[in-house]
Structures are given as structure tokens and as C-alpha cells.
DNA sequence: GCAACAGTTTGACGCTCGTCAAACACTAGG
DNA sequence: CCTAGTGTTTGACGAGCGTCAAACTGTTGC
């Protein structure tokens, strides 16, 4: 009878710009942000995120950083976790920031 | 009679979003950004930047990170270096980002 | 020439970060 | 139950960061 729950996350008013920028200042987490930009919920499986080259525990670590920075929210449903972007919260706290970041569409192919 | 020169910096087209975010994901460098937001040139003296608590070599390090990320430009004039924001370059490469950052950033110290 | 000045560079220190591997917790399904 | 599936936690490791102190480079002005 497990109702859906959300993993702990900072309140909207507590979102800190420097923390958010530090969270996004990593190529893996930026890639996750782009995956989440569609507004949908995503599982944590690295293969669903174009991160086959990373261990699942590494991806879990990055998703924790994003959640604790307030970038994402995680809904727990059974043995799955569904991660999605806190778009309205971010837009409230940092108007225009998310749009500017996503518009900058980082697609660097080294 | 040394003519003014600029320290090496990345070209506008080479600015990388993740690198910029990583550069700004530090409280000291965010404070520097806010100081530079007035568009003026600033010396490197920590006392002119509200950073009395930091050693000058530490401030020099942070300014190098900002410059190498493409956030700032440094003009060399004699024994002084004048640092300023690459506002138009950043606006070209990442439209709206700087405005969103400055609008959301913590209040600048008087 | 020389001393004061404005910054940078180097080296050292502790600390954090990104990564992997292995062990763990919890759920779902036979 | 038992097992397979999904994700987290822990520990280890190397690499990098932020900081300071000291030495250094180059400039200005006496």
C-alpha cells in the first residue's frame, strides 16, 4: 500500500543560485538536465539517459546532486524512481535562467 | 611605452556553457561577477572587491578561472590589470543567461 | 639604481569530487 | 519463499580545487 512519495529536496525559497550552477557545471549533469528538459519523468537507468559508459552508482550520485541542489524532484513508486525537472520552482526562483540554459543547447562533440 | 594588451582568453565561439557554469558555481567567483556587473573595469586588489579575507594569490587564481572560462577579460596597463565582464560576448553565445544570473543573484555589497 | 607597488606563479596542505566495485535495501513476480 | 529487478550506500582511489605563504616578474617613481 505504498503511496507515492518524494525524496527530500530543498524548498523553492531555499534554492541557492551558486549551488545550482555548481550542480550544472558538470558535463554529465548537464546532459541529465537536457534529458529532463522534455518535462517528462525519467527512470534512473543509465541506458535510458545516454550514459552507458557510466556505472549506475555514478549516475545515482549525479542525480542526488541535482536533487539536493533543487534542480530535480524524485518520485518513488515501487522499486522505480521517476526523476523530473522542477521547472516551475526554478522559474519562480530564477526567472529566465532555465530557458537561457536550455536555449544555449550545449551539443559539443569532442 | 607599453601599449595596452589583453591576457589570453577563449574566443566567443569557443565559450562552453558547462565551463562557464562551473566557473560561476563558487561563492567567491559569483561575488566577483556581481562586482563586475556594473560594466566597469576593476583592479585585482582584494580590498576593492569585498574580499579582504582572501589572500591576493587566491583572488588571482579565481580571476584566472573566470578569464579562462571566458567570463571576463583582462586589460594589462603597466603594473595594473583591469578586469571587466565580457557581457556582449556572453550575450551573443548564451542569450539571456547573464541577465537571468544577475537578476537572481544575491544582493551586491554596497 | 633602487625601493615600493600590483599581480602572478609555485609549492604545499587539506578537502572535495567523480568514478568504480561491491554490498545493501526494497519491491515485484513466479 | 525465492529470485530477479531497480536503485542506493559505502569504501576506495586518483584527480582536481581552494587556500595560504613565499618567491618571483614586471612597472612606476624617487
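Residue numbers (the working numbering), protein chains in the order written: chain V, 290 to 399; chain H, 290 to 399. In this text, a Cβ means the ideal position worked out from N, Cα and C, and glycines have one as well. Computed from a predicted structure; not experimentally measured.
Problem set entry | Classification of residue 358 of chain V by the beta-carbon crowding that lies within 10 angstroms, buried from 16 upward | Note on residue 358 of chain V: 16 or more other CB atoms within 10 angstroms of its CB, so buried under the neighbour-count rule.
Exercise. Going along chain V in order, which residues have a C-beta closer than 9 Å to the C-beta of residue 392 of chain H?
Worked result: Around residue 392 of chain H, the beta-carbon contacts reaching into chain V at under 9 Å are 383, 384, 385 and 386.
For this session: With 7 Å as the C-beta to C-beta threshold (strictly closer), list the residues of the stretch 321-352 of chain H near chain V in chain order.
Result: None of the residues of the stretch 321-352 of chain H has a beta carbon lying less than 7 Å from any beta carbon of chain V.
Problem set entry | Three-state class that DSSP yields for residue 368 of chain H in the structure shown | Coil.
Exercise. Among the residues of its own chain, which have a CB less than 6 Å from the CB of residue 343 of chain V, if the five just before and after it don't count?
Worked result: Contacts found: 335.
Problem set entry | Reduced DSSP category for residue 375 of chain V - H, G, I as helix; E, B as strand; rest coil | Of the three classes helix, strand and coil, the one that applies to residue 375 of chain V here is coil, per DSSP.
For this session: Go ahead and pull the three-state DSSP assignment for residue 351 of chain H.
Result: DSSP places residue 351 of chain H within a helical segment (H, G or I) once states are collapsed to three.
For this session: Output the distance between the C-alpha atoms of residue 341 of chain V and residue 317 of chain H, rounded to the nearest integer angstrom.
Result: If I take the Cα positions, the gap works out to 35 Å.
Exercise. Hey, how far is the Cα of residue 302 of chain H from the Cα of residue 381 of chain H?
Worked result: A direct Cα-to-Cα measurement between residue 302 of chain H and residue 381 of chain H gives close to 9 Å.
For this session: Tell me residue 294 of chain V's beta-bridge partners as DSSP assigns them.
Result: According to DSSP, residue 294 of chain V bridges with V:365.
For this session: Between the Cα of residue 337 of chain H and those of H:354, H:312 and H:372, spot the shortest distance and give me the residue it belongs to.
Result: When only C-alpha atoms are compared, the closest one is H:372.
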